[in-house]
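In this note's numbering, the protein residues as written are 5 to 364. Everything below concerns the one structure shown next.
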């Protein structure tokens, strides 16, 4: 990735909201020392490690070869600093593997296994070549209506599978949607996903409220109410808004408790098709009961907007666009690094009572 982690950090400006906690210092983390997994011929679980492909605020990702399955994989490792200081991050890691095992959909990134070895908690995941939706838009500019609707349609179909099992993703955002060179959409990072029934809080054991603020529905932003499938619908609508405009939806300050709706996309893009603008309007309603009740209904509405011919053209055009960007970045490896760094990266927590920069 260019210039260390600078671009990943800027891509998450206005990112995860964390309150009532101070950041963990990972500068001397165990994972940053010479490890048993470093270098050719080293193993972590069933994976023969080849090289490091990414590093973020919460851990490191390696490329490797799964010896038993005879396939290339990515292996994501949690910083021991996070694991030791807040066990909820270990639970989040383990939950990601468990939930992924319950879900099977072509638009979901496959989590193959999880484990603990050499004091390291790790996830073994399919290795993908592509660029996130967030980076695609930041580098190449906003998408047209058909491209944007197609991507969110595919993501909504993936989340709909989770909703049928009463699982809520809780962190849908542009940097958690990967677009491959073939134009396929992959939803990443189930680390915040949780069963909708009985879920009352988004706080960790140390008092952090997790989520990506510009894409967080009002009920999740408060950190008090139960958040169900309509929360994911809101995040998908906000992500669609970003795809069309090229920037985050305006976010209310914490004191406002996000009582105001996302502006009509036509206030910035007057030529947006009315049918698509109305879909975005409904997905981003502040009141959860006024949104689509689950992602399946959103996917159906977007499917109605897309025609078969448009669908064929947009899939090819998205793939070509991503492939060109990957080549410009010299890039299958660089693109994978960005994907996984954004997947695991967390911005520094806010000091107690601090408000996020409204300009971020």
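For glycine and all other residues, C-beta sits at the position ideal for the given N, C-alpha and C.
So, helix, strand or coil for residue i, using DSSP?
i           : result
residue 187 : coil
residue 136 : strand
residue 236 : helix
residue 102 : helix
residue 310 : coil
residue 53  : strand
residue 94  : helix
Flag this pair as yes or no: are the beta carbons of residue i and residue j separated by less than 8 Å?
i           : j           : result
residue 183 : residue 134 : yes
residue 223 : residue 292 : yes
residue 136 : residue 179 : yes
residue 68  : residue 77  : yes
residue 101 : residue 176 : no
residue 1   : residue 247 : Any answer about residue 1 is impossible in this case: the structure gives the chain only from 5 up to 364.
residue 281 : residue 270 : yes
residue 297 : residue 234 : yes
Under the assumption that residue i contacts residue j (Cβ atoms under 8 Å), give the Cβ distance between them as a whole number of angstroms.
i           : j           : result
residue 111 : residue 46  : At roughly 33 Å, the Cβ-Cβ gap does not stay under 8 Å, so residue 111 and residue 46 are not in contact.
residue 310 : residue 150 : 7 Å
Could you check which residue in the options has the C-alpha nearest to that of residue i?
i           : options            : result
residue 161 : 97, 242, 236       : 236
residue 72  : 103, 116, 132, 56  : 116
residue 106 : 307, 298, 167      : 167
residue 157 : 217, 127, 243, 193 : 243
residue 159 : 173, 148, 146      : 173
residue 58  : 109, 83, 49, 75    : 83
residue 217 : 143, 254, 181, 186 : 254
Have a look at residue i and residue j and give me their C-alpha separation to the nearest angstrom.
i           : j           : result
residue 25  : residue 66  : Caution is warranted here: a pLDDT of 34 is assigned to residue 25, below 50, making its placement in the model unreliable, and the coordinate value is therefore given only provisionally. Going by the C-alpha atoms only, they are around 29 Å apart.
residue 99  : residue 119 : 12 Å
residue 152 : residue 122 : 43 Å
residue 51  : residue 114 : 16 Å
residue 252 : residue 245 : 8 Å
residue 128 : residue 104 : 11 Å
residue 288 : residue 295 : 7 Å
residue 147 : residue 284 : 15 Å
residue 53  : residue 90  : 27 Å
residue 131 : residue 303 : 27 Å
residue 94  : residue 125 : 7 Å
residue 279 : residue 305 : 9 Å
residue 96  : residue 145 : 33 Å
residue 169 : residue 276 : 34 Å
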